[in-house]
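Trainee: Handing you a structure now.
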Amino acid sequence: MSYHSIVMVKQVPDTANISGQVMKPDGTVNRSKLPTIFNPEDKVALELALQFRDRFGGTVRVMTMGPLKASDLLRECLYMGADEAFLISDRKFAGADTLATSYVLAQALRQLGNYDIIFAGRQAIDGDTAQVGPQTAEKLSLPQITYTEAILNAEGSTITVKRKVDNGFEVLEGTLPLLLTVVKDAATPRPFRAKRVMAYKNAHTLLELEKMTEGNSLLYMDQLKEEYVSKGLFIPTLTADDLDVDLNRCGLGGSPTKVHKIESVVLGGSAHETIPPTKDGMYALIDKLMEDHIFG
Amino acid sequence: MANYFTDNTDLLFHFDRLHLEEVVDIAEHGYTEASRYNFAPTDYQDALDNYRKVLEIVGDITANNVAPQAAAVDEEGSHFADGKVTYAKGIQAALEDLTKAELMGFTLPRRYGGLNIPTTIYTMAIEMVARAEASLMNLFGLQDIAETINKYGDEAQRQEFLPQFASGAATGAMVLTEPDAGSDLQAVNMLAYQDEDGQWRLKGVKRFITNGNAQILLVLARSEPGTKDGRGLSLFACYGKDNVVVRRIENKLGIHGSPTCELQFNDTPAQLIGKRKFGLIKYVMDMMNGARLGVAAQGLGISQAAYEEALRYARAREQFGKSIYAIPVVANLLMEMRVTLESDRSLLYAACHWVDLRNKLEEKIDVLKAEGKDATVENAKLKEATRVAALLTPMAKYVLSENANKITYDALQIHGGTGYMKEFNVERLTRDARITNIYEGTSQLQIVAATGGVIGDILGEHFTTLEQKENSGNLARLADELKEMRVLFLDALKFVADKTDKQFQSIAAKELVEIYSYLYTGWLLMDEAAQDSRKVFIARRYIIGAAAKTRRNYEVIKKDLFADLLHADDILI
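Residue numbers (the numbering used here), protein chains in the order written: chain A, 14 to 309; chain B, 2 to 574.
Encoded structure:
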């Protein structure tokens, strides 16, 4: 039996390689100077999906919600072996928190349909929330298995998954369709395949084609799109118009999360305190942690 | 993310200077392949863009997957048990990555699963692989074996073997050396005979076979009974699983990740490649020339790694209250290394260009002949390309492998006592470099191979043209140095020729080949310096140093340093 998967991927700032130009004088982030990468756990999720396809057959589609630049990420997915890629992009989706993001993603998944497994990374390195995968599953009323370390087997509509827990693992069975979030150790992403890189380096999203037509009166959007579709180099883009979405639930407006303040916290070496290993010491520690609102 | 292609500004500099228009046009049959393969380029720019992207993949794998395993591979080495060879874990993983990335059929035609990419680009990939882990090059860099079958095998053989290489299902080995036939391959003794069914079979022992455990073996064997020299040898392809026994693997100084095997052939069934009697004199010579470029690139990759280790260490290490990088003698040593590294790269990729041109012109002429068309122009071009490639290939192998030893030696010196310890990479690089000027023909044999072109002064016209070019400022002074070097070269050459003493000529050949390499490389750097102002520094140090070495070589010849060879028995007590 073969299975159809969709992997949800995200382009994130490369937090390990931030250069001086990234920070503007006023302390805000200059997004255009920020190097971006494939969110590491999403890349692992794609690898796991591809391995699953290698083993059982089927298809792997990928989708991401993001700006024009996220087209790069989708090409990378094609380079690794994804069958099809979709960009979900609209200015109306911008500024979304996890609630609004998972709403749009869920609506996009409804539209794409025909899936057995939805893969997602456990979390993205920019927000570290680990909420989007689970929220998406909830919105689609799908079962979910988080912290997937390995897919042990699939038979009919039952999948057996090894899931990471503190100090060990547990093995779960789930009924398809379901959503998996994947941890970093689950797989090592394969390298780009040379032939696919050469074949798909010119694959473009609708947004990119629109950009090509800007300021070039000789290019007509419809013709251009047709040309790319005929060559198999068109990456479909889903906008707010293409999806059945309530705009009040999208983007900044649909996001109840408000960032209060961003602070760079430096945990200095001088901040440590010695607690005597006694009962009184433990009580004092608990009091201190409650005082600092670490314990509620 | 680290990347051995995009982080290497000098390699990028050379990539950006490539002029492979003619080569790629022939290779792509006028860009008609694009209609059949979605990954074939539609024009030259598209092809270059493809090459860049493929090299970026190699750069990614080598920097992030291969290099971090290099120390472990060296420590673990290859294993041999129950007649079976297994690679070090890091080597196995690297081969899997390179296979998944579809990089094992780099130069092969697309119809056999290859990428149809020129040798120049493949050599750049080899350089990166060797920089990450020298012994992996011995596996990745064996694609000349497939290329030899492609070039000289028949269509059935191409269809049988090439897809196995390109898909990574098989690796290959060049099975040439025997206990009594090392540098002197004419002495090869392995028996090739036809049984009653006409099936070719191989019988005998081969030694020092890199990756001898490979699935597909290309074997040089004596097919003509009663013969004693190279004209009795033919080339065969066979499978390692068919009655080939690995007797042992060697315990080596370096390149621990590549198994070096002793093989015993017990009436192994084999296929004749090409024509009988052409095995050594044509096919193996051709294959080895390809491999020589590969080894030159291996030397360069090791040099790059060693230079970086030295630079990093010098900047970090503090003595006498400051970083040793700030000590002039250390900085000077580093600059010497850097200039050697960059001049080596110039020589290598110039050699590659001529090799590509020769290979592709041969292909084009074959096509023209088959179509009954005139190939006069192409034949003239081919003649030149063949001569220049035949000179530059051994020259590059000689210069780059010797310099790899020099650069690793100096890199270890910069580390001081620390460099002698296993904890640092530089001692491994020093060991790995040591083989590069020995295998695929020792340095001494590269000199022999290059001598013909040097004595014939085949680049004479090229140099004359360059000497007539206008230069200004620093470059004018450097051009004067090069002109003076050429005067000394021609004088020394005449002196050697006039002597008509074969022994003297064979010894003085080294001095002459070296001067010729200085001249050729010096002019390459002049050209680069005219384009990029930083390269003026490289050209300046290289050419002034080369001029001094030229004067030394000149004097050695003119003052008859080697005259005492007549008294060798009195001196060598």
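Using N, Cα and C, we set each Cβ at its ideal position, and we do this for glycine too.
For B/D357, collect the residues of the same chain with a Cβ closer than 6 Å to its Cβ; drop the 5 residues on either side in sequence, then sort them by chain order.
Mentor: Same-chain partners within the cutoff: V24, P119, T120, T121.
Trainee: What do you get for A/T77, buried or exposed, if any count of 16 or more other CB atoms within 10 angstroms of its CB means buried?
Mentor: A/T77 is buried by the Cβ-count criterion.
Trainee: To the nearest angstrom, how far is it from the Cα of B/L369 to the Cα of B/Q165?
Mentor: Going from the Cα of B/L369 to the Cα of B/Q165 covers about 30 Å.
Trainee: So, are the CB atoms of B/A193 and B/E134 less than 9 Å apart?
Mentor: Result no, Cβ atoms of B/A193 and B/E134 do not sit closer than 9 Å.
Trainee: Taking C-alpha atoms, which residue in B/L335, B/I325, B/A307, B/A477 lies nearest to B/N426?
Mentor: Minimum Cα distance to B/N426 is reached at B/A307.
Trainee: Do you know whose CA, among A/D110, A/D129, A/M234, lies nearest A/Q148's CA?
Mentor: The shortest C-alpha separation from A/Q148 is found at A/D110.
Trainee: Interface residues of chain B around A/A207 at Cβ under 7 Å?
Mentor: Correct list: V55, I58, A102, E103, L104, L116.
Trainee: May I ask you to report which of helix, strand or coil DSSP gives B/N1?
Mentor: Absent from the model: residue 1 of chain B. The displayed extent of chain B is 2 to 574, so no value can be given.
Trainee: Apply the 10 Å Cβ neighbour rule to B/Q504 and answer buried if 16 or more other Cβ atoms are within range, or exposed otherwise.
Mentor: Classification of B/Q504: exposed, given that the 10 Å Cβ count is below 16.
Trainee: Is the CB-CB distance between B/A390 and B/A352 below 9 Å?
Mentor: Yes, Cβ-Cβ distance for B/A390 and B/A352 is below 9 Å.
Trainee: Runs of 4 residues minimum, wholly inside the region 15-74 of chain B: which ones carry the alpha helix (DSSP H) assignment?
Mentor: Segments of the alpha helix (DSSP H) lying fully in the region 15-74 of chain B: 22-28, 45-62.
Trainee: Any Cβ of chain A within less than 9 Å of the Cβ of B/F40?
Mentor: Answer yes: the Cβ-Cβ gap between B/F40 and chain A drops below 9 Å somewhere.
Trainee: Start and end of the beta strand (DSSP E) containing B/L192?
Mentor: Per DSSP, B/L192 belongs to the beta strand (DSSP E) from 192-195.
Trainee: Once the 5 residues before and after B/G142 are set aside, which same chain residues still bring their CB inside 6 Å of it?
Mentor: The answer, listed in chain order, is I127, G295.
Trainee: Looking at B/L491: is its Cβ nearer than 9 Å to the Cβ of B/D533?
Mentor: It is not a contact, given that the beta carbons lie outside the stated cut-off.
Trainee: Can you tell me whether DSSP reads A/K23 as helix, strand or coil?
Mentor: Note: A/K23 maps to coil in three-state DSSP.
Trainee: Among all the DSSP beta bridges, which residues are the ones paired with A/T72?
Mentor: Looking at the DSSP assignment, A/T72 forms a beta bridge with A/H17.
Trainee: Can you list, in chain order, the residues of the region 194-224 of chain A whose Cβ is nearer than 7 Å to any Cβ on chain B?
Mentor: So the list reads R203, P204, F205, R206, A207, K208, V210, M211, A212, K214, given in the order they occur along the chain.
Trainee: Quick check on this structure: which residue in A/T142, A/K244, A/D129, A/L86 has the alpha carbon closest to the alpha carbon of B/R37?
Mentor: Nearest of A/T142, A/K244, A/D129, A/L86 to B/R37, Cα basis: A/K244.
Trainee: Can you pull the DSSP bridge partners for B/Y153?
Mentor: Its beta-bridge partners do not exist; DSSP assigns none.
Trainee: Please list the partners that B/N51 has in chain A, where partner means a Cβ-to-Cβ separation under 7 Å.
Mentor: Result: M211.
Trainee: Judging by CA-CA distance, which residue of B/L362, B/Q158, B/N290, B/V67 is the nearest neighbour of B/D26?
Mentor: Among B/L362, B/Q158, B/N290, B/V67, the Cα nearest to that of B/D26 is on B/L362.
Trainee: Closer than 8 Å is the cut-off here; do at least three beta carbon pairs connect the region 450-467 of chain B with the region 393-408 of chain B?
Mentor: Short answer: they touch.
Trainee: One question on the structure: do B/R248 and B/Q265 come within less than 9 Å of each other, judged by their Cβ atoms?
Mentor: Yes; because the gap between Cβ atoms is below 9 Å, this pair is in contact.
Trainee: So B/I127 contacts chain A; which residues on that side make the cut at Cβ distance below 9 Å?
Mentor: Within chain A, no residue comes near B/I127; the closest Cβ sits about 15 Å away, beyond 9 Å.
Trainee: Identify the contact partners of B/D44 in chain A, using a Cβ-Cβ distance below 7 Å as the criterion.
Mentor: Going along chain A, no residue has its Cβ under 7 Å from B/D44, so there is no contact; the nearest lies around 13 Å.
Trainee: Between the beta-carbon of B/D47 and the beta-carbon of B/V67, is there less than 9 Å?
Mentor: Not closer than 9 Å, so no.
Trainee: With a cut-off of 9 Å, does the C-beta of B/I62 fall near any C-beta of chain A?
Mentor: So, interface residue.
Trainee: Taking the alpha carbon of A/K197 as the point to measure from, which residue in A/R176, A/G126, A/K214 has its own alpha carbon closest?
Mentor: Measuring from the Cα of A/K197, the nearest candidate turns out to be A/R176.
Trainee: Using DSSP's beta-bridge definition, name the partner residues of B/A480.
Mentor: DSSP lists no partner for B/A480.
Trainee: In chain A, which residues lie with their C-beta within 7 Å of the C-beta of B/D26?
Mentor: Chain A residues near B/D26: none, gap ~18 Å exceeds 7 Å.
Trainee: So is A/I131 in contact with chain B if we call contact Cβ pairs under 9 Å?
Mentor: It does not: the Cβ of A/I131 has no partner Cβ on chain B nearer than 9 Å.
Trainee: Tell me whether A/F308 is buried or exposed, calling it buried when 16 or more other Cβ atoms sit within 10 Å of its Cβ.
Mentor: So A/F308 counts as exposed.
Trainee: Tell me the DSSP secondary structure of B/G115 in three-state form.
Mentor: Here B/G115 sits in coil by DSSP.
Trainee: Give the C-beta separation of A/I158 and A/L193 to the nearest angstrom, bearing in mind that I take them to be a contact with Cβ-Cβ under 8 Å.
Mentor: That pair is a contact at about 5 Å.
Trainee: Tell me, please, whether the CB atom of B/N66 is closer than 9 Å to any CB atom in chain A?
Mentor: Yes, B/N66 counts as interfacial toward chain A.
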